[in-house]
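Okay, so here's the structure we're looking at.
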Amino acid sequence: MSRANPNKHKQKEAVLLKGGSAQTFRGMLAYVQNHSPSIVVFENVDTMDDRGDATSNLDILLAEMSNRGYENQVIMSVVVVAAVVPVAAAVKAAGSALMEFGERSISSMFATVRAVMSSCVRTPCCATEIFLPSDHAFAVSDLEIRQKKQEKRRELQAKSGPTAQTWMDSHMSFARSLKFRWGEAVPRELKENEWYQTLTEREQDALRLAKIQSQSLLFRDVSQAVGRVNSPTLDSITGVHVLPTILPKMQLWYEKQSRIWLGCEAMICQGYPVLPLLATYEAVKRPQAWTATEVLMQELAGNAMALPVVLAILQSMFVSFSWAPAAAEATTAHTLRRAVSQEDVLQALSALAQVSDRADAPRARNAPTSLEERIRKRAKQRHEAKGR
78 MSRANPNKHK QKEAVLLKGG SAQTFRGMLA YVQNHSPSIV VFENVDTMDD RGDATSNLDI
138 LLAEMSNRGY ENQVIMSVVV VAAVVPVAAA VKAAGSALME FGERSISSMF ATVRAVMSSC
198 VRTPCCATEI FLPSDHAFAV SDLEIRQKKQ EKRRELQAKS GPTAQTWMDS HMSFARSLKF
258 RWGEAVPREL KENEWYQTLT EREQDALRLA KIQSQSLLFR DVSQAVGRVN SPTLDSITGV
318 HVLPTILPKM QLWYEKQSRI WLGCEAMICQ GYPVLPLLAT YEAVKRPQAW TATEVLMQEL
378 AGNAMALPVV LAILQSMFVS FSWAPAAAEA TTAHTLRRAV SQEDVLQALS ALAQVSDRAD
438 APRARNAPTS LEERIRKRAK QRHEAKGR
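Residue numbers for the sequence shown, in this note's numbering: 78 to 465.
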């Protein structure tokens, strides 16, 4: 979103660049303008609001959404509280299109959202529990792919000749700060590691220096600059390991198994049940429209919002808002109350259908589903109990 900030020198550049942050943001605004979704959940890192002036990315987002008729609630969250392993402070601006506020104020409904979300807080498992065994078929396959890529890189380097290594100066300076002589022989157990051999020369040196800097850490992201490879992962309060922010190009070295983590493991960290999907994918013996490579899954995980957090936000909104009745129904004060009767349940189901992209009105059904039957029965019981 940084390019959304006013800058007359970059007006043309922002248009010509492909895939820039501001272009993605403008694309989202155009979609909201054309389709008017009832709920919009926007996620960004905590630096979204790190500026003290009035032109922070958060201010821009809130202003743009307000101009389109949305009321907004900013939710500061640490992903780890939503039962997801990685820890990263994030800003989620959840804007709801103007619905039916009636007897309840906007602030009252958003207060209910925050209260319901607090009930979704869970303690995560230790990050070490999500890793597959080192001899798992996915790990073996990924190692083979990495080895083939490494061979191709070496062949290309042999043909093109030596290239300038711009990273060496920073690595030498970092080694001096550790009072370590840069260029010393790599320990045998690391040098003979097959996963270590698949890393680039810069990544190998970054991992070596990171180990010198701190021997006790369990995870190291060798895709980062040498001074940022290490990051503490042990939570002293809970006693479990939590991972750093998952990035698209992340190369996380897992010390316990001395290997780079897999893309499917990154997806699991974001709360996606990817293993059953992969099992089904492998069982289908016909051409696929896409290939579930580890690189692709790492990209998806790095760009994704943690699934449990999305579910927590959406379900909190659905139960907290006063939904407008269907267009064909008359608006009454009774139907604006929270769902405690069968009519209110039907109204909520109509609202759920309205927020879908597939249809603007509830789909006609010949018979209610089992879920609808249970919801109606439970609402009827609560209504009868309240009448007594």
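Every residue gets a Cβ at the ideal spot worked out from N, C-alpha and C, and that includes glycine.
- Looking only at Arg297, Val198, Val151, the smallest Cα-Cα distance to Ser184 is reached by Val151.
- Residues Ser308 of the same chain have their beta carbon placed closer than 6 Å to that of Pro321, with the five preceding and five following residues left out of the count.
- Rounded to whole angstroms, the gap between the alpha carbons of Ser254 and Met194 is 45 Å.
- Sequence-distant partners of Phe208 (beyond 5 residues in either direction) whose C-beta falls short of 8 Å from its own C-beta, in its chain, are Tyr331, Lys333, Gln334, Trp338, Glu342.
- Distances from the CA of Ser397 to each of Gln110, Arg181, Val109 were compared; the closest alpha carbon is that of Arg181.
- The Cβ atoms of Val306 and Leu286 sit closer than 9 Å to each other.
- By the neighbour-count criterion, in which 16 or more other beta carbons inside 10 Å mark a residue as buried, Tyr358 falls on the exposed side.
- Taking the C-beta atoms as reference points, Ala369 is found no nearer than 9 Å to Pro325.
- Assignment of beta-bridge partners to Asp298 by DSSP yields Leu329.
- Phe215 and Ala192 have their C-alpha atoms some 41 Å from each other.
- Linking Thr240 to His213 through their CA atoms gives a straight-line distance of about 37 Å.
- Bounds of the alpha helix (DSSP H) holding Asp219 are 214-237.
- In summary, Trp367 is exposed, with fewer than 16 beta-carbon neighbours lying within 10 Å of its beta-carbon over all protein chains present.
- In the three-state reduction of the DSSP assignment, Ile289 falls in the helix class, which pools H, G and I.
- Taking the Cβ atoms as the reference, Asn134 lies roughly 14 Å from Asn149, outside the contact range of under 8 Å.
- Here DSSP, grouped into helix, strand and coil, assigns Phe119 to strand.
- For the set Leu391, Lys226, Ser237, the Cα lying nearest the Cα of Val117 is the one of Leu391.
- Between Asp219 and Gly304, the C-beta spacing is not below 9 Å.
- Taking C-alpha positions only, Phe251 is separated from Asp282 by approximately 11 Å.
- Taking the CA atoms as reference points, Glu261 sits about 12 Å from Ile289.
- Positions of the alpha helix (DSSP H) runs, each at least 4 residues long and wholly inside the stretch 336-394, are given as 340-346, 351-360, 371-380 in order along the chain.
- Counted as a single uninterrupted DSSP element, the stretch harbouring Trp400 is not any alpha helix (DSSP H), since DSSP gives it neither H nor E.
- Annotation: Ala383 to Cys202 spans about 15 Å, alpha carbon to alpha carbon.
- Glu148 carries a strand assignment under DSSP once its states are collapsed to helix, strand and coil.
- Comparing alpha-carbon positions, the option among Ile222, Phe102, Leu276 lying closest to Asp298 turns out to be Leu276.
- Here Arg230 is exposed. Its C-beta has fewer than 16 other C-beta atoms within 10 Å.
- Of the other Cβ atoms in all chains shown, 16 or more fall within 10 Å of the Cβ of Ser300; this residue is therefore buried.
- Note that the C-beta distance between Ala204 and Val319 is below 9 Å.
- Residue pairing from DSSP leaves His248 without any beta-bridge partner.
- Distances from the alpha-carbon of Asn380 to those of Asn144, Phe119, Tyr273 put Phe119 closest.
- A residue is called buried when at least 16 other Cβ atoms come within 10 angstroms of its Cβ; Tyr273 meets this threshold and is buried.
- Between Met186 and Ser399, the C-beta spacing is below 9 Å.
- Following the DSSP letters along the chain, one finds Trp272 inside the alpha helix (DSSP H) bounded by residues 271-274.
- The residue from Met327, Gln292, Leu138, Arg336 with its alpha-carbon nearest to that of Glu376 is Met327.
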